[in-house]
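Chains as they are written, first to last, in my numbering: chain W, 214 to 384; chain B, 214 to 384; chain U, 214 to 384. Here is the structure we will look at.
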C-alpha cells in the first residue's frame, strides 16, 4: 500500500488481498473462497493465484484438454476432476467426510463451493493460474471452468499483486 | 499500517499481527502460538482467528455443549477433545510422535501448549472463533476453554483486523 | 514499509518478503523457493525462516552432527536427510510421486530444488533456521548445507523481518 495522503480509515476499494491458493483440499479451498468473497464483499480488490494441487479445483469435469502426452493424461487421471471431487485434509473416511461437510453446509444455508465461485466471479475476484504448474501437471487452459476474470500467468504476477496488497496469505 | 508521520522505527504497540489458525495439527498450533506470544512479547497487538480444525484445540475436555443434535454429537466425538489430544501432521506413529515432542519440549524447558495459551491470555492476545465453523461442527461457546479475550465472530472481523495489521499469516 | 515520501511505484530494493517455511513437503518447499527466487529476481529483499519439518530440507546428507544423544539420533534417522529425500504432501505412491515431479521438472527445464537453493544464495536470499526447532529435533549447525547467508536464530528475528516486510507468508 502506497499512501500519498494521510488515510484516516480503510476506504472502499483501496485495500487489496492477494492469496496463493496451493492446497487442493476441500476444506482449504473453502477457507480460501470464504475469505476471498468476504473480502470482496468488504470492497477489497482480491487476487487469487491458484498453483499446484489447487488447480484441480478449477477443472471443468465435462471439458477435455487436447494433444496430451501419456504422462499428462496420467496426471489428469490421478488428480481430482473439479471442485466436486475434492477431499478433506482430515476425516476423509473414504469420501464420507466431504459428503458430510457438504450436507451440513447445505442444511446451515452456507453457500456451496460452486456457488462461492459464481459469487467470486460476480464480485470481480481475479483468478490467476500458475503457468509453471499447468505445464508440470499437463493441464490446458481449455479444461478450466468458465469464469469471468481468469488468466494463466507466472509467479511475477502474484508478487506484483502481493506487493500492492494490504493482506497476503498462502493457503 | 497507516503512517501519518515519518516513522523511524517500529514503536511499541503500533504493529499488529493477525493470523488465521486453520490447522488442528499439534505442530502447527505450536508454531502459531510461538509466533503469537513472541509477537505480543515484542509489543505487537495480536489477533488469532481460529477456524475449522483449529477450533478443536480450544475445546475444554471437561465441558459439554447443551442441546446437540446427533450429527453434532458425532463431530464432537470424532474431533480431538482439546489441545492435549492434538496429533502431529507428520510422524504420528499412533500418538507416539506427539508424546515424544511433548517430552522433548519439557526437557528443553520449552513452555507446553497449555502454558502458551495461559501466557497468550496474560499478554492480551485476542482469540476469535469462526462462527460459521462453530455452526458447521456443532460446537457451542460453552465448550471452549476459559480464556480472557475470546469471542465468536465472522470472517469480517478477521478481515478488518488483517487490514490494520503489519503482518498476516494463514497457518 | 515505512514511506517517508510519496512513492509512485515499487522501487528496486525497497520491498521485502518474509516467509516462515514450516512444511517439509517437497511440493511446499518448491513453492517457497519459486516464490523466494522470483521475488529476489524482482529486486525484493527476501528472508526465509526455516522451522520444524522444513529444516530437514537443509540437511547435508554427507555431514554429521557431533555429540548427539540417543533421542536426537532417532530424530535424525526418522526425518528426511536433505532436500533430495523430501516426499510430496499428496500422491506419494511410495516415493514415485516425487520422482515423477522431478522427472517432469527436468523435462520442462524447470530448475531442480538444489539449483534453486544455489540461485537463492547467489541472489542474496537470507536463510534463518529456527533455534528452538534445532534444539527440539537435535539438529546441529554443522549438519546443514553450505549456503552463503545462513544463521540460526529465534522467532524474534522473523518478527522483526516480517514487520519490515511488504509481503509475509507462512508455508
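Just so it is clear, CB atoms sit at the ideal spot from N, CA and C, and this is done for glycine as well. All values reported here derive from a predicted model rather than from experimental measurement.
| Item | Value |
| --- | --- |
| Exposed unless 16 or more other CB atoms sit within 10 angstroms - verdict on residue 347 of chain B | buried |
| Cut-off 8 Å between Cβ atoms - residues of its own chain near residue 344 of chain B, not counting five sequence neighbours on either side | 365, 366, 367 |
| Simplified DSSP state of residue 259 of chain U, which is helix, strand or coil | strand |
| Beta-bridge partners of residue 339 of chain W, as assigned by DSSP | W:260 |
| Test item: CB-CB of residue 237 of chain U and residue 265 of chain U under 9 Å | yes |
| Contacts of residue 376 of chain W in chain U (Cβ-Cβ under 7 Å) | 223, 228, 379, 380 |
| Residue 251 of chain W to residue 319 of chain W span [Cα, whole Å] | 19 Å |
| Under the three-state DSSP convention, the category residue 383 of chain B falls into | strand |
| Length of the line joining the Cα atoms of residue 249 of chain W and residue 384 of chain W | 12 Å |
| Given 8 Å, three or more beta-carbon pairs between the stretch 350-363 of chain B and the stretch 269-279 of chain B | yes |
| For residue 364 of chain W, the residue or residues it bridges with in DSSP | W:341 |
| Reduced DSSP secondary structure (H/G/I, E/B, other) of residue 376 of chain B | helix |
| Contact with chain U by residue 298 of chain W, beta-carbon distance below 9 Å | no |
| Contacts of residue 284 of chain B in chain W (Cβ-Cβ under 8 Å) | 313, 317 |
| Buried/exposed call for residue 292 of chain U, threshold 16 Cβ in 10 Å | buried |
| Residue 370 of chain B to residue 332 of chain W span [Cα, whole Å] | 20 Å |
| Residue-level contact to chain B via CB, residue 220 of chain U, 9 Å cutoff | Unreliable placement is indicated for residue 220 of chain U, whose pLDDT of 35 sits below 50; the coordinate value is still reported in the next sentence. By this cut-off, residue 220 of chain U is not an interface position. |
| First and last residue of the uninterrupted beta strand (DSSP E) at residue 287 of chain U | Premise fails: residue 287 of chain U lies in the alpha helix (DSSP H), 283-291, not in any beta strand (DSSP E). |
| Contact with chain B by residue 308 of chain U, beta-carbon distance below 9 Å | no |
| Helix, strand or coil at residue 354 of chain W [DSSP, three-state] | helix |
| Straight-line Cα distance separating residue 284 of chain U from residue 349 of chain U | 10 Å |
| Beta-carbon proximity list for residue 218 of chain U, same chain, < 7 Å, skipping 5 on both sides | Any reading at residue 218 of chain U needs caution, since the residue's pLDDT is 40, under 50, leaving its predicted position unreliable; the model's value is listed next. Excluding sequence neighbours, residue 218 of chain U sits near nothing in its chain. |
| Neighbourhood of residue 380 of chain B by C-beta, 6 Å cutoff - its chain only, sequence neighbours within 5 removed | 230 |
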